[in-house]
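Count the sequence shown with full-length UniProt numbering and you get residues 1 to 321, in order.
Don't be surprised by glycine CBs; every beta carbon is placed ideally from N, CA and C.
Please read these numbers as outputs of a predicted model, since none were measured by experiment.
A short worksheet on the structure shown next.
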Amino acid sequence: MAKPNCKDTCGNISIPFPFGIGTGCFKNEWFSVDCKEATADSPSRAFLSSINMEVLEILFEDSTVRVNSPIISSGCSDRGANISIDMTASPFAFSSSNSFIAMGCDNRASLNGIQPEIVGCTSTCGSSTEGKENSYCSGNNCCQTTIPLSLQVFNASLGTAEDPNDQGRNQCKVAFIVEEEWFWNNISSPEEVHSMQYVPVILRWFMYYGTEGVTLYSDAKNSDAMYCISMNLSSGRWGLRTETLYFNSTTCRCSWGYDGNPYLPDGCTDIDECKIQKVNLCSGMTKCVNVPGRFKCELDKAKITFLSNFLSLNSFFLRNL
Numbered sequence: 001m002a003k004p005n006c007k008d009t010c011g012n013i014s015i016p017f018p019f020g021i022g023t024g025c026f027k028n029e030w031f032s033v034d035c036k037e038a039t040a041d042s043p044s045r046a047f048l049s050s051i052n053m054e055v056l057e058i059l060f061e062d063s064t065v066r067v068n069s070p071i072i073s074s075g076c077s078d079r080g081a082n083i084s085i086d087m088t089a090s091p092f093a094f095s096s097s098n099s100f101i102a103m104g105c106d107n108r109a110s111l112n113g114i115q116p117e118i119v120g121c122t123s124t125c126g127s128s129t130e131g132k133e134n135s136y137c138s139g140n141n142c143c144q145t146t147i148p149l150s151l152q153v154f155n156a157s158l159g160t161a162e163d164p165n166d167q168g169r170n171q172c173k174v175a176f177i178v179e180e181e182w183f184w185n186n187i188s189s190p191e192e193v194h195s196m197q198y199v200p201v202i203l204r205w206f207m208y209y210g211t212e213g214v215t216l217y218s219d220a221k222n223s224d225a226m227y228c229i230s231m232n233l234s235s236g237r238w239g240l241r242t243e244t245l246y247f248n249s250t251t252c253r254c255s256w257g258y259d260g261n262p263y264l265p266d267g268c269t270d271i272d273e274c275k276i277q278k279v280n281l282c283s284g285m286t287k288c289v290n291v292p293g294r295f296k297c298e299l300d301k302a303k304i305t306f307l308s309n310f311l312s313l314n315s316f317f318l319r320n321l
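Here it is, written out as structure tokens:
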């Protein structure tokens, strides 16, 4: 759901608020999307303007966005200059659903710019198909490791096991952060990556408190709790809840029984559970009544009246047999 009167897609990619295309359509500059329209040679492509990363999909319910992330390489032919990523001070961070992968013979790869943490792995020389299915990236020509929580930068150093500073230019080596599920489902050998420039990653996004982020206020029933902008400030907090992800930040969700976009005024609307067969469990002499955020089963007076009349009529006939 985009902001009213704003474009809600770029090609086949949905652009929900707080993201937006064009002036006045995004929450703040961090969520500005540049839509490069389709040409005869390429389809429409969406980019996060603030960090210059191509958007593949915005996963609104998860507060994540799938983007293309560059591959760092050394000693590989027909590749351009390496590109690093710096999302410092932005509302974006690499999700824990990504992994750091290094590929190539005798490749010691490590993440840069995350001191004092040290993160990296070493791939040795050997067959990449040894071992069980989906376990080829276990050391031979391919290694993997987890990334730090809330990582916002990506650059990597490539070397050899004997000399981390020796890039081993006679051997093609690569390193990248990648969406783990995509990697296992799409890559079966290091050679498949050597010709690629980018791989998909998942970024977690959140909002900052304050005027540049979401509007917050105290719940009258719980002075310690802070919430996102309500559907209707005059009627109280309905249809919203928050999840604190990082210090001084939040994400918003429509409450149980509501659906829509919690970042828009009146963005969360009540779900009529009575129209959903799997949810509506009312039966027998009861009927489903929808109320804000939920439903209830009440005695159906029409059914009771019908049954009462039926029993009375049945009793009359029995007495006159």
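Contact between ALA175 and ILE101 holds: CB atoms are separated by about 7 Å, below the 8 Å threshold. Below 8 Å, too few C-beta pairs join the stretch 141-150 and the stretch 69-86 to call them touching: fewer than three.
The beta carbon of CYS125 is closer than 8 Å to those of CYS105, ASP106, ASN140 and ASN141 in its chain, skipping five residues each way along the sequence. Under the three-state reduction of DSSP, ASN290 is assigned to strand. Counting along the chain, PHE17 sits inside no alpha helix (DSSP H), nor does DSSP assign it H or E at all. Residue PHE26 holds the alpha-carbon nearest to the alpha-carbon of ASP34 among ALA40, PHE26 and ASP41. Excluding sequence positions up to five before and after ALA109, its CB lies within less than 6 Å of the CB of ALA102, GLY120, ALA156, LEU158 and ALA175, all in the same chain and listed in chain order. Nearest to HIS194 by alpha-carbon distance, out of ALA40, PHE47 and LYS173, is LYS173.
Counting of Cβ neighbours within 10 angstroms places LYS3 among the buried residues, the total reaching 16 or more.
Nearest neighbour of SER44 by Cα position, chosen from ASN82, THR9 and TRP184, turns out to be THR9. Looking from the CA of PRO91, the closest CA among PRO18, THR145 and GLU57 belongs to PRO18.
In the displayed model, ASN98 falls within a strand according to three-state DSSP. With respect to SER69, PHE206 sits apart: the two C-beta atoms are not nearer than 8 Å. Under the criterion of beta carbons closer than 8 Å, LEU203 and PHE94 qualify as touching, at roughly 6 Å.
A residue is called buried when at least 16 other Cβ atoms come within 10 angstroms of its Cβ; ASP270 meets this threshold and is buried.
Comparing alpha carbon positions, the residue from THR39, ASP41 and GLY20 closest to SER32 is GLY20. ASN140 is bridged by DSSP to THR124.
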